[in-house]
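**Student:**
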Ligand SMILES: [Zn+2]
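Numbering (the numbering used here), first residue to last: 19 to 387.
Structure below.
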């Protein structure tokens, strides 16, 4: 779908990176009559976990977003998707007679409020799928067991570090058909997930040529996707990533919306059987070749650096007064080896030095950090 058409479905009550339970309530305060809404349980801090149901069709799709509270892009896209589905209901080939969707748009409302990956107990819910120690994990599991989905969509954001393989191109979207065992074998449900990803990636080729990656498929039975794949349900991980200049992920939101719509149309019409696992395998695997900022010849900034030293700098996302701020920091975990920056400067050039010193927080980091 082109961008101008999409704008008519964009949920106006959510934008930017911070999407709290209050924002979600606002977006859902006058739900379309075709959306059923209830609360299958509560978070650690007693916030409701909202469940939405839409459609009357035989093919059941379960999706959940903001399992990691600071990963809001897919939630925005899901709200846009619901607007689209409700506004186009009743039209020719409408999806409501083919699909039933069950959606947990914000599985981790406490983490969404505090803008943290973990829930209020400090637990990463995507490492809790086997033990089910947290109420949010148990809510998702019970929804899975009662709904008995034909497909699961596990919706996340990924960091700005991810590149398409060794290239400097950001992985704006990545997909994964999670493994169901440590040998990464190919049971039929995993093959179905791979075929569906291959079909969806092809559909997206028109609007996002060459921006789609494949997430690492190491098996971890504590991860939700791996658990549902083990249980025999074709499960797809969607990772919303960086698009050049789009730290608010409003453009990525548009790509995720299209990915969700495409995948749903494909499952509704069973029109992905002809795709091959090899087409999924041919998507470039996510690399870690990118940092937010890379500065060459740093010795021209300060004598604390060697003349030709290369500096890698990564933003930390900080919630302040209801908005996300991007604070430059030295990266952890070996990212200083990253070969490319979303922004690159050469400090031997006076014009680049002037830009570097004007960048909020950067002068302080470079001279004191
Ligand atoms: Zn995540």
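Backbone N, C-alpha and C define an ideal beta-carbon position, used for all residues, glycine too.
What is the C-beta distance between residue 33 and residue 268, in whole angstroms, given that I count them as a contact (C-beta under 8 Å)?
**Tutor:** Indexing the chain shown from 1 puts residue 33 at position 15. Indexing the chain shown from 1 puts residue 268 at position 250. Their Cβ separation, rounded to whole angstroms, is 6 Å, which keeps residue 33 and residue 268 in contact under 8 Å.
**Student:** Which class does residue 164 belong to by DSSP, given the choice of helix, strand or coil?
**Tutor:** On the chain shown, position 146 is the one that residue 164 refers to. In the structure shown, residue 164 sits in a helix (DSSP, three-state: H, G or I).
**Student:** If we ignore side chains and look at the alpha-carbon of each, how far apart do residue 327 and residue 213 end up?
**Tutor:** Numbered from its first residue, the chain shown carries residue 327 at position 309. Numbered from its first residue, the chain shown carries residue 213 at position 195. Approximately 45 Å, taken between the alpha carbons.
**Student:** List the whole-angstrom C-beta distance separating residue 125 from residue 72, where the pair is believed to meet the contact cut-off of C-beta under 8 Å.
**Tutor:** As a working note, residue 125 is residue 107 in the chain shown. As a working note, residue 72 is residue 54 in the chain shown. Not a contact, Cβ separation roughly 17 Å.
**Student:** Can residue 274 and residue 95 be called in contact, C-beta distance under 8 Å?
**Tutor:** Translated into positions along the chain shown, residue 274 becomes position 256. Translated into positions along the chain shown, residue 95 becomes position 77. A contact, by the Cβ cut-off of 8 Å.
**Student:** What is the DSSP secondary structure of residue 128, counted as helix, strand or coil?
**Tutor:** Against the chain shown, residue 128 aligns to sequence position 110. Note: residue 128 maps to helix in three-state DSSP.
**Student:** Starting from residue 219 and walking both ways along the alpha helix (DSSP H), at which residues does that stretch end?
**Tutor:** Position 201 of the chain shown holds residue 219. Segment 206–222, the alpha helix (DSSP H) holding residue 219.
**Student:** Determine the direct distance from the alpha carbon of residue 316 to that of residue 323, and round the result to whole angstroms.
**Tutor:** Your numbering for residue 323 matches position 305 in the chain shown. Your numbering for residue 316 matches position 298 in the chain shown. Between residue 323 and residue 316, the C-alpha separation is close to 6 Å.
**Student:** Roughly how many whole angstroms lie between the Cα atoms of residue 334 and residue 352?
**Tutor:** Position 316 of the chain shown holds residue 334. Position 334 of the chain shown holds residue 352. Cα-Cα distance, rounded: 16 Å.
**Student:** Tell me where the alpha helix (DSSP H) around residue 307 begins and ends.
**Tutor:** In the chain shown, counting from the first residue as 1, residue 307 sits at position 289. Note, residue 307: premise wrong, no alpha helix (DSSP H); not H, not E.
**Student:** Where do the N-terminal and C-terminal ends of the beta strand (DSSP E) with residue 276 fall, by residue?
**Tutor:** Residue mapping note: residue 276 aligns to position 258 of the chain shown, counting from 1. Taken as a continuous stretch (DSSP letters only), residue 276 belongs to no beta strand (DSSP E), being part of the alpha helix (DSSP H) at 268–287.
**Student:** Quick check: what's the CA-CA separation for residue 372 versus residue 98?
**Tutor:** Taking the chain shown and counting its residues from 1, one reaches residue 372 at position 354. Taking the chain shown and counting its residues from 1, one reaches residue 98 at position 80. Their backbone Cα atoms lie some 40 Å apart in a straight line.
**Student:** For residue 376, does the count of other Cβ atoms within 10 angstroms reach 16, so buried, or fall short, so exposed?
**Tutor:** Taking the first residue of the chain shown as 1, we reach residue 376 at position 358. Per the 10 Å Cβ criterion, exposed.
**Student:** Given 7 Å as the limit, tell me if residue 234 has its C-beta closer than that to any heavy atom belonging to ligand 1.
**Tutor:** Residue mapping note: residue 234 aligns to position 216 of the chain shown, counting from 1. Not under cutoff, so the answer is no.
**Student:** Let me know the secondary structure DSSP gives residue 192 once reduced to three states.
**Tutor:** Sequence index remark: in the chain shown, residue 192 carries index 174 (1-based). Here residue 192 sits in strand by DSSP.
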